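Worksheet: the structure to be examined is printed underneath.
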Amino acid sequence: MASEFQNSVYSLLRKIPSGRVTTYKSIAEKLGKKSYRAVGMACAKNPYAPYVPCHRVVKSDGSLGGYSGGLSKKIALLRAEGVELMDTKIKYFERVVFRF
DNA sequence: GCTTTGACTCTCG
DNA sequence: TCGAGAGCCAAAG
4 MASEFQNSVY SLLRKIPSGR VTTYKSIAEK LGKKSYRAVG MACAKNPYAP YVPCHRVVKS
64 DGSLGGYSGG LSKKIALLRA EGVELMDTKI KYFERVVFRF
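Reading the first sequence from the start, the letters are residues 4 to 103 in the numbering used here.
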């Protein structure tokens with residue numbers, strides 16, 4: 004069972020529609036915290052994968068950040084959902100970013 | 001129970 | 001434009 008904090012993060016992640024992405028910053032602020040890093044940690048643990056689309060969370064500058072089990076996997080998943088990428092950076096980031 | 005670490009972000013040189 | 005440093009919260013050691 005995950006902690007309340009993690010559960011809150013997962014709830015928000017599930018709201019992200021396919022083909023869209025969000026940032027650790029947005030999630031943290033939505034929770035009323037500044038815990039950007041803690042959000043990433045919650046995703047890294049993510050016991051509900053792939054029920055929780057943690058691969059749709061990226062850094063505030065549009066780069067993918069990281070991914071447990073290989074960044075390539077994250078790239079493939081995002082591309083499959085229609086997100087255009089330039090290596091580890093999101094192309095047209097402003098266009099695909101999802102705002103709560 | 002304190003210290004270290006991490007899928008982060010912002011500011012400064 | 002790019003790299004380094006500081007700040008931030010939560011989980012793991």
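Note that CB positions come from ideal geometry on N, CA and C, so glycine has one too. If you're wondering where the values come from, they're calculated on a predicted model, not measured in any experiment.
(request) Report all residues from its chain with a CB closer than 8 Å to the CB of Tyr-13; omit the five preceding and five following residues, and keep chain order. (result) Ala-5, Ala-45, Asn-49, Tyr-51, Val-55
(request) Tell me where the alpha helix (DSSP H) around Ile-30 begins and ends. (result) 27-33
(message) Tell me the residue span of the alpha helix (DSSP H) that contains Asn-49.
(response) Taken as a continuous stretch (DSSP letters only), Asn-49 belongs to no alpha helix (DSSP H), as it is neither H nor E.
(message) Mapping the DSSP letters down to three states, classify Ser-38 as helix, strand or coil.
(response) coil
(message) In this structure, how does DSSP classify Ile-19 when only helix, strand and coil are distinguished?
(response) coil
(request) Report the residue from Val-42, Asp-90, Phe-8 whose alpha carbon sits nearest the alpha carbon of Lys-76. (result) Asp-90
(request) Can you say whether Ala-31 is buried or exposed, counting buried as having 16 or more other CB atoms within 10 angstroms of its CB? (result) buried
(message) Starting from Arg-98, trace the alpha helix (DSSP H) in both directions and tell me its first and last residue.
(response) 96-99
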